[in-house]
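All remarks here apply to the structure that follows.
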Amino acid sequence: MPGDVVYHYVNQKFVARSMVIAPAMSHKKPEGLDGERGLWNEDGWQVRLDMHEFTDPIQRKEIWSSMKPYRPNKYSAFKDNGNGNQGYLFPCPEDWARIIEESLVEENDEIEKQLTLVDADEPIETITERYGISEEKRVEIAKRKEEVGEAAEKAVMNYFREILPEEYHTEIKQVSKGSGKNAGHGVGYDIQAVEIDDQGITSPILVEVKGTSKNSSTMFMTSKELESAVIFKEQYRIARVTNVGQDNEKIHIISGFDGYDSIDDLLKGKFQSYRSTAYQINLKDEDA
Numbered sequence: 001m002p003g004d005v006v007y008h009y010v011n012q013k014f015v016a017r018s019m020v021i022a023p024a025m026s027h028k029k030p031e032g033l034d035g036e037r038g039l040w041n042e043d044g045w046q047v048r049l050d051m052h053e054f055t056d057p058i059q060r061k062e063i064w065s066s067m068k069p070y071r072p073n074k075y076s077a078f079k080d081n082g083n084g085n086q087g088y089l090f091p092c093p094e095d096w097a098r099i100i101e102e103s104l105v106e107e108n109d110e111i112e113k114q115l116t117l118v119d120a121d122e123p124i125e126t127i128t129e130r131y132g133i134s135e136e137k138r139v140e141i142a143k144r145k146e147e148v149g150e151a152a153e154k155a156v157m158n159y160f161r162e163i164l165p166e167e168y169h170t171e172i173k174q175v176s177k178g179s180g181k182n183a184g185h186g187v188g189y190d191i192q193a194v195e196i197d198d199q200g201i202t203s204p205i206l207v208e209v210k211g212t213s214k215n216s217s218t219m220f221m222t223s224k225e226l227e228s229a230v231i232f233k234e235q236y237r238i239a240r241v242t243n244v245g246q247d248n249e250k251i252h253i254i255s256g257f258d259g260y261d262s263i264d265d266l267l268k269g270k271f272q273s274y275r276s277t278a279y280q281i282n283l284k285d286e287d288a
């Protein structure tokens, strides 16, 4: 199920931790999975994961003495002597997970490094599940995400002030900081502005800002934001701000949302790939 944690065990080592990001679905066996030896059935299950590889894999033999007392009598990933059983997915007792996590002290520096690079719109639950962090760190990340989001919106506001004549600056409004029933991030866009075409004709536009301190084309969008793109079509823009607050900060304005009549059409036609959980999307080449 989405949100479940999976530990990866290869060559007698725990090498990675993943979080399930979508419900399992039936799927044919990937070509070459078992070297054409027929070890696996043709029909199986596909489980989509968000993986974090350990910088220093954990040797099973180093922690087996702690794990052994909690070994299940049925459906265990390991035999009584610690050797692995062959299989695709096994239940992981909570005590095993605790022991593995306690052995990941060496991962702390890498995790701290990763947590300084955040996407303002990535659900914080995704981050906390991925790294198994404390409530104190969760609050710190939430604050950092808010700072990145506000800095990205400020950068986009300044961008429109730079490209538009001064008489149109009053048309640039930060909706997410406004008041009234349409205030806040729930309306599906953050900024109101205008565009001027080659004939000098102005048109109102609605801009959803997507900021990240990383250099990544992957974005997180809510169903409300995708719905707004479908409703407002040619008026809708996404301002993707990468490397927020850094010298190499960049703003990329994405348009071309006319012609889509549903969120499903938009996801399949506009984006290269997407994950249904929180709508994590990747841009097509022409929009990247």
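The sequence shown maps to residues 1 to 288 in the UniProt record's numbering.
For glycine and all other residues, C-beta sits at the position ideal for the given N, C-alpha and C.
On a predicted model such as this, the values are computed, not experimentally measured, just so you know.
Problem set entry | Alpha-carbon spacing of His169 relative to Met1, whole angstroms | Between His169 and Met1, the alpha-carbon positions lie close to 48 Å from each other.
Exercise. Out of Lys61, Leu89, Glu94, Ser103, which has the shortest C-alpha to C-alpha gap to Asp80?
Worked result: Of Lys61, Leu89, Glu94, Ser103, the residue nearest in Cα terms is Lys61.
Exercise. Helix, strand or coil: how does DSSP classify Gln246 here?
Worked result: If DSSP states are grouped into helix, strand and coil, Gln246 belongs with coil.
Problem set entry | Of the listed residues Ala24, Asn41, Val20, nearest to Pro30 (C-alpha basis) | Nearest option by C-alpha distance: Asn41.
For this session: If I'm right that Gln192 touches Lys210 with Cβ under 8 Å, what's the distance once you round it to whole angstroms?
Result: Wrong, their Cβ atoms sit about 17 Å apart, outside the cutoff.
Problem set entry | Stretch pair the stretch 49-59 + the stretch 73-87: three plus CB contacts closer than 8 Å | Because the criterion of three Cβ pairs below 8 Å is not met, the stretch 49-59 and the stretch 73-87 do not touch.
Exercise. Closest by CA to residue 289, which one among Val15, Lys13, Lys28, Val5?
Worked result: No statement about residue 289 is possible, as the shown extent of the chain runs from 1 to 288 and does not include it.
Problem set entry | Contact belief for Glu249 with Ala155 at Cβ below 8 Å, rounded distance in angstroms | Distance from Glu249 to Ala155 at the Cβ level is roughly 7 Å; contact confirmed, criterion being Cβ atoms closer than 8 Å.
For this session: Measure the CB-CB distance between Gly245 and Ser213 and report whether it falls below 9 Å.
Result: Taking 9 Å as the Cβ cut-off, Gly245 and Ser213 qualify as a contacting pair.
Exercise. With a CB to CB cut of under 8 Å and the five nearest residues on each side skipped, what residues in its chain are close to Glu235?
Worked result: One point to set straight first is that residue 235 is Gln, not Glu, in the sequence displayed. Hits under 8 Å: Ser203, Pro204, Ile205, Leu206.
Exercise. What is the DSSP secondary structure of Tyr7, counted as helix, strand or coil?
Worked result: Three-state result, Tyr7: strand.
For this session: Pick helix, strand or coil for Phe271, following the three-state DSSP scheme.
Result: Strand.
Exercise. Between Val194, Met219, Arg98, which lies nearest to Arg240 when the distance is taken from Cα to Cα?
Worked result: Residue Met219 holds the alpha-carbon nearest to the alpha-carbon of Arg240 among Val194, Met219, Arg98.
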